[in-house]
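Numbering (full-length UniProt numbering), first residue to last: 1 to 388. C-beta: ideal position from N, C-alpha, C; glycine also. Report on one structure; see the data block that follows.
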C-alpha cells in the first residue's frame, strides 16, 4: 500500500498548492469586481457551504458509490468551478462556482478530499501513521505557502484582474490532474457497501456526536478568521497589495509548516490530546492580539506567532481520532466531524464581512480567540481520561 500512500501525499501537495493561491485570491477577486464586504463574506460562505454538502454526500453515499469514484467526481467539480470562475459573470454564478469547487478558505482542509485521505491513511500506513500524518500536513502547508506566493503574480502584470482569472484556469487544471491521480489509486474503498452509519458501532456514534459538537465550537471561531478573511482584513485595514499579501501568506504558511514538523515529536512526549490543547490555547491568545497592533508589521508579528502553534493540533487531532475509531469507522467519522466543522464555520465569513463593513475590525479576532479557548478547555475535560 506504500504506492497509495505516496499518491495521497502527491495529491495533497497538488491540491493545497491550488488552495493556497485561491484562498488569497478569491476575496480580492470579488472586491476587484466591485462587490462590497458583505458579498465578499457571502462568497466565502458559499465555499464553506459547498464543503459541508460534499461531506454530507460522502457520509451517506461514499461506501455505496465508492470512495475512489467520489474523489474523481469532486475533482471534476473542481475543474468545472475553475472554468466558471475564469469566465466570471454575475454574483449568483460566481457563488455557484465557489460552492461546487471544494475550495479551502484556509491552510487546513475540512472538505471531502481530506475526510477520505485521513480516514484511510491509518490502514495504509500502519504503525507509521503518526509520522505519515505529520508529513501529510507538512506537505499541505508547504504547498499552500507556495500557492499563497503564486497569488502575488497577478500584481506584476498590466491587467491583474485578467491574470487572476487565468489562475482559476490553473485551478481547473489541478482538478483534472487530481481526477487522474485518484482514478488509478488502490486501497480507498470500504469493504462494506452500506449507506450512512449502519456499520458504525453505538459507542463510535456517541464519540462522533460529541466530537462534532466540540469541533463545531472551534470551527465557528476558525470561520471568522479563515485565510481568505484575514487576507481581506489586511487588504482593508492596512491597504496591503496583492503582492504584499502573497509574501505575507508565504511566510504564514511556511511558519505553519515548520510547526507541523514538530507536532508529532511533541505528541510522542505529551500525548496527542495535550499537544492539541496546549498549543491551540497559546495560538488563540496571539490571535486576539492581532487587531490590537496599530501597524502592519505589528499585526503580522502576532499573526506569525499565532501560526507558530495554531495548526500543531491538526496532525495530532487526526492521530487522536485514529486512536478512537476503528478502520471502517474513520472515514464516516472524519466526514461527519468535518461536516460539523463546515456548518459551524458558515456564519463566520458573513459576520466578519459585516463587522469589517461597519468598522469593527477587531471583533472577528476577539470572537474567534474566545471560542477557540472554550473549545480547548471542553475537549480536554471530555477526553483527558481516555487520552492518558
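According to the Cβ coordinates, are residue i and residue j closer than 8 Å?
{"i": "residue 54", "j": "residue 92", "result": "no"}
{"i": "residue 171", "j": "residue 71", "result": "no"}
{"i": "residue 325", "j": "residue 335", "result": "no"}
{"i": "residue 320", "j": "residue 273", "result": "yes"}
{"i": "residue 380", "j": "residue 277", "result": "yes"}
{"i": "residue 210", "j": "residue 104", "result": "no"}
{"i": "residue 69", "j": "residue 178", "result": "no"}
{"i": "residue 129", "j": "residue 267", "result": "no"}
{"i": "residue 116", "j": "residue 12", "result": "no"}
{"i": "residue 86", "j": "residue 205", "result": "no"}
{"i": "residue 245", "j": "residue 364", "result": "no"}
{"i": "residue 285", "j": "residue 369", "result": "yes"}
{"i": "residue 341", "j": "residue 122", "result": "no"}
{"i": "residue 102", "j": "residue 78", "result": "yes"}
{"i": "residue 212", "j": "residue 337", "result": "yes"}
{"i": "residue 357", "j": "residue 27", "result": "no"}
{"i": "residue 30", "j": "residue 17", "result": "no"}
{"i": "residue 94", "j": "residue 237", "result": "no"}
{"i": "residue 186", "j": "residue 371", "result": "no"}
{"i": "residue 309", "j": "residue 283", "result": "yes"}
{"i": "residue 264", "j": "residue 67", "result": "no"}
Assuming residue i and residue j are in contact, meaning their beta carbons sit under 8 Å apart, how far apart are those beta carbons, in whole angstroms?
{"i": "residue 231", "j": "residue 249", "result": "7 Å"}
{"i": "residue 133", "j": "residue 318", "result": "5 Å"}
{"i": "residue 292", "j": "residue 306", "result": "13 Å between Cβ atoms; not a contact."}
{"i": "residue 160", "j": "residue 84", "result": "Contact flag wrong, Cβ pair sits at about 20 Å."}
{"i": "residue 375", "j": "residue 214", "result": "6 Å"}
{"i": "residue 136", "j": "residue 9", "result": "6 Å"}
{"i": "residue 75", "j": "residue 97", "result": "Not really, about 15 Å apart at Cβ, beyond 8 Å."}
{"i": "residue 304", "j": "residue 252", "result": "7 Å"}
{"i": "residue 149", "j": "residue 247", "result": "7 Å"}
Is residue i buried or exposed, if buried means 16 or more other CB atoms sit within 10 Å of its CB?
{"i": "residue 125", "result": "buried"}
{"i": "residue 89", "result": "exposed"}
{"i": "residue 295", "result": "exposed"}
{"i": "residue 180", "result": "exposed"}
{"i": "residue 207", "result": "buried"}
{"i": "residue 385", "result": "exposed"}
{"i": "residue 218", "result": "buried"}
{"i": "residue 48", "result": "buried"}
{"i": "residue 152", "result": "buried"}
{"i": "residue 202", "result": "exposed"}
{"i": "residue 41", "result": "buried"}
{"i": "residue 100", "result": "buried"}
{"i": "residue 127", "result": "exposed"}
{"i": "residue 346", "result": "buried"}
{"i": "residue 240", "result": "buried"}
{"i": "residue 162", "result": "exposed"}
{"i": "residue 367", "result": "buried"}
{"i": "residue 158", "result": "exposed"}
{"i": "residue 175", "result": "buried"}
{"i": "residue 359", "result": "exposed"}
{"i": "residue 184", "result": "exposed"}
{"i": "residue 34", "result": "exposed"}
{"i": "residue 6", "result": "exposed"}
{"i": "residue 216", "result": "buried"}
Segment contact, 8 Å Cβ cut-off, at least three pairs: the stretch 140-148 with the stretch 47-61: Too few Cβ pairs lie closer than 8 Å, so no.
The stretch 306-314 / the stretch 347-356 touching (three or more Cβ pairs under 8 Å): Verdict: no, contact absent.
Stretch pair the stretch 352-366 + the stretch 229-248: three plus CB contacts closer than 8 Å: The stretch 352-366 makes contact with the stretch 229-248, as at least three CB pairs between them are under 8 Å.
Given 8 Å, three or more beta-carbon pairs between the stretch 9-24 and the stretch 296-307: The stretch 9-24 vs the stretch 296-307: no contact.
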